[in-house]
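Asks:
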Amino acid sequence: MLVRTDDPHLQLLIGALEEQYNESRRAVESIQLDPLRVQLYDHASGKLIHASPGLGGKLSPAQAQSVQLRSMLGHPFWVFAADGVRWSVGIAEPKLPDVSVARLMLREMLPDLLLSFPLVFRPCGWLFTVACIRFRQLARALHARDPDDLSPSKIDFAVSGVAVAAGRI
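Residue numbers for the sequence shown follow the working numbering, beginning at 476 and rising by one.
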């Protein structure tokens with residue numbers, strides 16, 4: 476697609492692809508996202524082929540092929556730049572605020588959490604309660620013994636109930 480750099484419609488095509496990608500991001504993420512910013516250069520001539528509106532200088536992190544957090548346009552952006560054989564591309568993705576990420580996670584995870592509480596956490600809580608009762612019985616039995624009594628105790632009985640309860644889950 477990016478074979479002829481002198482094509483007058485190339486910048487419009489890349490801009491349309493960028494806009495379509497940003498619209499699909501907004502639809503999928505279901506939260507308000509700032510648009511992704513893109514710069515595309517002809518690697519050989521250094522000619523700017525496309526730049527998103529509002530971008531100033533060239534998008535290039537301090538280290539090649541790395542993602543870095545930089546402040547641009549008054550907002551934090553994740554910036555990545557890469558050089559290919561024919562093209563140099565820079566991408567700046569706005570960093571989501573922590574509150575937006577937390578809301579998105581809660582919205583996505585809440586149904587799973589509501590399902591997991593009765594199915595997972597209640598049986599685990601019951602198992603923990605049974606284990607505590609058994610270990611309290613064992614502690615009372617050991618405390619009631621004479622310190623010089625080294626005969627076998629009923630530890631198997633105290634722990635086997637927990638193992639049987641765990642096996643029932």
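By construction, the Cβ of each residue, glycine as well, lies at the ideal position given by its N, Cα and C atoms. It should be emphasised that the depicted structure is a prediction, and the values quoted were computed from it without experimental measurement.
#1: With distances taken from CA atoms, which of Phe552, Leu617, Ala519 is nearest Val513?
#2: According to the Cβ coordinates, are Leu492 and Pro569 closer than 8 Å?
#3: Mind checking who Ser563 pairs with in its DSSP beta bridge?
#4: Are the beta-carbon atoms of Ser560 and His525 separated by less than 8 Å?
#5: Exposed or buried, what is Ala502 when buried is set at 16 or more other beta-carbons lying within 10 Å of its beta-carbon?
#6: Which of the three DSSP states, helix, strand or coil, is assigned to Pro586?
#7: Please look up how many angstroms separate the CB atoms of Leu523 and Ala556, rounded, as I've assumed it's under 8 Å.
#8: Excluding the 5 residues flanking Leu515 on each side, which residues of the same chain have their C-beta closer than 7 Å to its C-beta?
#9: Report buried or exposed for Ala619, applying the criterion of at least 16 other Cβ atoms within 10 angstroms of its Cβ.
#10: Alpha carbon to alpha carbon, how far is Phe596 from Asp623? Give it in angstroms, no decimals.
#11: Identify the continuous alpha helix (DSSP H) that holds Arg545 and give its terminal residues.
#12: Along the alpha helix (DSSP H) that carries Ser523, what are the first and last residues, could you check?
#13: Mind checking Ser626: buried by the 16 CB within 10 Å criterion, or exposed?
Replies: Judging by the given coordinates:
#1: In the sequence shown, the residue the question calls residue 513 occupies position 38. Taking only the C-alpha atoms, the option nearest Val513 is Phe552.
#2: Your numbering for residue 492 matches position 17 in the sequence shown. Your numbering for residue 569 matches position 94 in the sequence shown. Cβ atoms of Leu492 and Pro569: not closer than 8 Å.
#3: Along the sequence shown, read from residue 1 onward, the residue named residue 563 stands at position 88. Bridge partners of Ser563: Tyr516, Asp558.
#4: For the purposes of this step, residue 560 is identified with residue 85 of the sequence shown, where counting begins at 1. For the purposes of this step, residue 525 is identified with residue 50 of the sequence shown, where counting begins at 1. Reading the sequence as shown, one finds Val at residue 560 and not Ser. Not a contact, by the Cβ cut-off of 8 Å.
#5: For this step, residue 502 is matched to residue 27 along the sequence shown. That one is exposed.
#6: The count along the sequence shown starts at 1 and reaches residue 586 at position 111. DSSP places Pro586 in helix when its eight states are reduced to three.
#7: Counting from one through the sequence shown, the residue named residue 523 turns up at place 48. Counting from one through the sequence shown, the residue named residue 556 turns up at place 81. About 14 Å separates the two Cβ atoms, so there is no contact after all.
#8: Counted from its first residue, the sequence shown places residue 515 at position 40. Around Leu515: Ile489, Ile524, His525, Trp562, Val564.
#9: Residue 619 sits at position 144 when you count from the first residue of the sequence shown. Exposed, because fewer than 16 other Cβ atoms sit within 10 Å of the Cβ of Ala619.
#10: If you number the sequence shown from 1, residue 623 lands on position 148. If you number the sequence shown from 1, residue 596 lands on position 121. The alpha-carbon atoms of Asp623 and Phe596 are separated by roughly 42 Å.
#11: As a first step, residue 545 must be located in the sequence shown, where it is residue number 70. Where Arg545 is concerned, there is no enclosing alpha helix (DSSP H), although the beta strand (DSSP E) it sits in stretches over 542-547.
#12: The count along the sequence shown starts at 1 and reaches residue 523 at position 48. Before going further, note that residue 523 is Leu rather than Ser in the sequence given. Unbroken run through Leu523 is the beta strand (DSSP E), 523-526; no alpha helix (DSSP H).
#13: For this step, residue 626 is matched to residue 151 along the sequence shown. Ser626 is exposed by the Cβ-count criterion.
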